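The structure appears below as structure tokens.
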Amino acid sequence: MHALSLLFKQSGFWLALAIGSASTYAFAADEKASNPEASKSNTPTQVTQSVAAPAPALVPAPARRPRETRFPILVSEKWTGPTLADGQPDISGLWSNTIGNHGNLEDPQGGVIGEARRTPLGPRDQRAPSRVTDPADGKFPFQPWAKAKVDAFRIGFHNPTDPSHVEPNARCAPGGVPKSLYWHGYDIQQYPGYVLFVFDNGSRIIHLDHKPHLPSTLKLWNGDSRGHWEGNTLVVDVSNHNGKALFGRSGEFVSAHATIKEKYIFSKDGKRFNYEGTFDDPTVYTKPFTITIPAIKYTSAEESDGWNLEARWAKHAGKAQILEHDERICHENNGGFGLGATETNAPPSNK
Amino acid sequence: MIIALESPVLKQPHPHSVAYLALARRFLLLLLVAAIAPSAYAIDAKRPRSQDKKPDFSGIWETTSPADDDLEPHTARRDAAPSAGVVEGGEIPYLPQALAQRQKNFEQRHTADPKLKGWSLGVPRGIYHREPIQIFQRPRDLTIVHQFGHSVRTIHTNQTEHPDDPNDWWLGDSRGHWEGDTLVVDVKHFNDKTWLDAAGNYHSDALHVVERWKLVDANTIEYQATIDDAKVFSRPWKLTVYLHRHPEKNFQLIEDYRYTLDYDQYYPPKPN
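Heads up: the sequence lines are chains A and B, in that order. FYI, in my numbering the residues of the first sequence are 1 to 351. FYI, in my numbering the residues of the second sequence are 352 to 623.
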């Protein structure tokens with residue numbers, strides 16, 4: 001528990017730091033205030049830079065794509081865009097969700113539940129809709145026991161009194177399914193037989209070759225994924241899911257008994273996709289539900305915003321702007337949010 | 352010498368009119384190469400190639416070498432199979448004070464080895480650790496997914512350079528280029544939190560690794576790493592291991608996020 005107490009202390013420090021720089025960019029600051037991890041980075045170097053910059057107002061804010069409050073519905077149809085040699089639609093690149101992150105799933109732009117706001121929320125219909133698109137009321141169809149657990153998490157999250165109140169992702173566990181898709185931006189790569197997702201925390205290898213799933217007794221943070229393309233839609237069946245990665249700071253979850261069917265539906269121009277994940281878990285919910293996550297593709301002309309587009313322009317002799325992402329390794333709580341834990345657990349110094 | 356012979360043929364596409372001649376030349380060259388190859392393996396003409404005609408390292412690989420137990424020659428221990436070692440010349444050329452630290456690491460290895468925490472293994476250790484790695488290859492880069500920790504390493508092969516920042520990464524920054532059919536990778540910008548094996552061999556944040564990846568046949572990679580670190584070693588030194596393609600049907604990586612084991616029992620919520 002010693003490491004944990006340090007972790008909480010540390011998160012308070014980062015929250016204060018984030019609020020301290022709030023006047024610089026209104027929207028980004030608002031998101032940071034409700035999300036201490038917005039100021040977290042995965043490299044110690046960047047953490048140091050954050051601490052060492054006493055006057056963030058002097059640093060121009062990088063251009064950031066505005067958050068969407070509405071997004072187009074995309075339907076599965078024939079793919080008419082460019083394809084790869086193996087026939088897959090060519091959708092490789094750096095992607096990120098468009099409406100918010102992991103603070104609150106039923107009201108994605110409503111801030112973390114139970115957190116004091118500096119500015120009051122406006123009418124609900126001026127913010128993005130619930131990530132739950134089925135049932136139509138946008139609510140997770142919890143069984144009563146599960147709702148009670150989630151309610152307890154939402155209180156404990158702000159002042160943890162039990163290890164289960166800490167979101168596992170804050171300890172550098174993989175974001176899992178589906179949270180990785182509305183956490184930091186990510187890289188989708190395609191290879192014959194595979195679609196590879198490189199997330200900020202963890203990676204997913206989608207196998208397109210119809211091999212059987214792993215033995216069902218194996219339970220994994222990101223599950224075991226088998227996919228295939230149906231026109232513009234990547235259809236993925238996720239099994240072997242361990243249910244441990246919570247969906248976000250609002251605490252929703254599925255158990256290891258869930259079945260998950262995913263559709264990644266790409267637009268004709270290849271510039272965006274909608275994720276539709278259908279989760280069926282009769283041990284936690286009263287009926288299946290669907291989560292929809294809109295995403296956009298970033299271009300090499302865009303500069304990193306440190307969150308949705310977490311990449312840099314490569315150094316090279318040519319003139320082209322080539323985006324590349326740094327290594328994304330956080331399994332040791334080595335970012336700002338958990339830095340205290342890292343120092344506690346560090347092995348004897350080599351020096 | 353092999354490189355000089357091979358590259359003019361393989362780098363340039365040939366018009367159809369000379370294709371037959373080119374093939375014949377290539378066959379002769381391969382015969383010649385096979386005859387004089389200094390590698391432990393003869394170069395195999397059936398090595399897979401990517402769309403851009405480079406050797407194709409795509410696949411799931413693992414070494415059979417006990418290098419991760421201890422890079423240096425050693426007899427059997429309770430925690431290590433005997434091995435003649437994988438270091439050219441036998442022993443790692445430590446500076447005197449660094450040798451004392453290595454000895455301390457060795458004595459504390461059962462608690463101090465960063466691998467025991469499930470942390471990233473770094474470069475080159477992640478390559479010869481006894482768990483599979485999967486290589487995904489495209490012209491602009493190679494992406495290595497290590498089963499252990501599922502850490503992802505990018506080797507850029509698009510003429511880009513190391514960033515200027517004094518970065519401090521678990522896997523360093525990898526920039527590769529092709530010398531004939533050998534992928535040569537320059538890796539630097541490391542942190543000092545990883546070891547080189549389970550026997551306490553270590554490095555500082557001044558580590559600089561130059562890797563040479565060579566496909567000696569369709570199912571075997573020769574991996575050489577030249578390791579330099581002026582804070583720890585008196586001169587650069589070299590290790591060589593071989594990686595073998597996993598032949599099992601339907602073989603796949605299985606995520607290994609063992610660093611979560613200390614707390615994963617708290618999730619997900621369960622009925623009372």
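Just so it is clear, CB atoms sit at the ideal spot from N, CA and C, and this is done for glycine as well. Everything numeric in this text was worked out from a predicted model, so none of it was measured.
DSSP-derived helix/strand/coil call for B:Q452: helix
Residue(s) in a DSSP beta bridge with A:Y194: A:Y191 and A:H207
Assigned exposure category for B:E530 - 16 Cβ within 10 Å defines buried: exposed
Contact with chain B by A:Y186, beta-carbon distance below 8 Å: no
Closer than 8 Å at the beta carbon, the chain A residues around B:F487: Q189, Y191, Y194 and L196
Residues within the segment 501-523 of chain B neighbouring chain A, beta-carbon criterion of under 9 Å: H501, S502, V503, R504, T505, H507, N509, Q510, T511, E512, H513, P514, D515, D516, P517, N518, D519, W520, W521, L522 and G523
Beta bridge counterpart(s) of A:V75 as assigned by DSSP: Paired residues: none, contrary to the question.
Contact under 8 Å by Cβ, B:I605 with B:Q498: yes
Proximity below 8 Å, CB of B:V535 to CB of B:H528: Their beta carbons are under 8 Å apart, which means B:V535 touches B:H528 by this criterion.
Chain B contacts from the segment 159-171 of chain A (Cβ-Cβ distance under 7 Å): P163, S164, P168 and R171
Option in B:P406, B:A463, B:N570 and B:R429 with minimal Cα separation from B:E413: B:N570
Endpoints, beta strand (DSSP E) assigned at A:E291: Here residue 291 of chain A turns out to be Ile, not Glu, going by the sequence shown. Taken as a continuous stretch (DSSP letters only), the beta strand (DSSP E) holding A:I291 covers F289 to K297.
Distance between B:T511 and A:K319 (C-alpha atoms, nearest Å): 11 Å
Euclidean distance between Cα positions of A:R328 and B:V503: Distance from the CA of A:R328 to the CA of B:V503, rounded to the nearest whole angstrom, comes to 7 Å.
Interface partners of B:P622 on chain A, CB under 7 Å: By Cβ distance, chain A contributes W145.
Within 8 Å of chain A by C-beta, residues of the segment 589-603 of chain B in sequence order: N601 and Q603
Other residues of its chain near B:I484: CB distance less than 6 Å, five sequence neighbours each side excluded: W412, I495 and H497
Exposed unless 16 or more other CB atoms sit within 10 angstroms - verdict on A:N222: buried
Cutoff 8 Å: A:S304 Cβ touching any chain B Cβ: no
Cut-off 8 Å between Cβ atoms - residues of its own chain near A:A295, not counting five sequence neighbours on either side: W95, S96, N97, T98, L181, R272, F273, N274 and Y275
Contact with chain B by A:F253, beta-carbon distance below 8 Å: yes
Contacts around B:D516, its chain only, beta-carbon distance under 6 Å, and the 5 residues preceding and following it disregarded: none
Buried versus exposed call for B:T508 [16 or more other C-beta atoms within 10 Å across all chains shown]: buried
Cβ neighbours of B:V369 in the same chain (closer than 8 Å, five flanking residues each side left out): Confidence in B:V369 is poor, its pLDDT being 41 and thus under 50, which makes the residue's placement unreliable; the coordinate value appears in the next sentence. The beta carbon of B:V369 is closer than 8 Å to none in its chain, skipping five residues each way along the sequence.
CB contact flag (A:R204, A:H102, <8 Å): In this structure, A:R204 keeps its C-beta atom at 8 Å or more from the C-beta atom of A:H102.
Contact the segment 171-185 of chain A vs the segment 308-318 of chain A: 3+ CB pairs below 8 Å: yes
Beta-carbon contacts of B:P460 that lie in its chain and below 7 Å, excluding the five residues immediately before and after: Note that residue 460 of chain B is Arg in the sequence shown here, rather than Pro. Within the same chain, B:R460 has close Cβ partners A549, A550 and G551.
Same chain only: Cβ atoms within 8 Å of B:P399, ignoring 5 sequence neighbours per side: Cβ neighbours of B:P399 beyond the five flanking positions: P406, D407, S409, L566 and A569.
Distance between B:D556 and B:D519 (C-alpha atoms, nearest Å): Looking at the two C-alpha atoms, the distance is approximately 7 Å.
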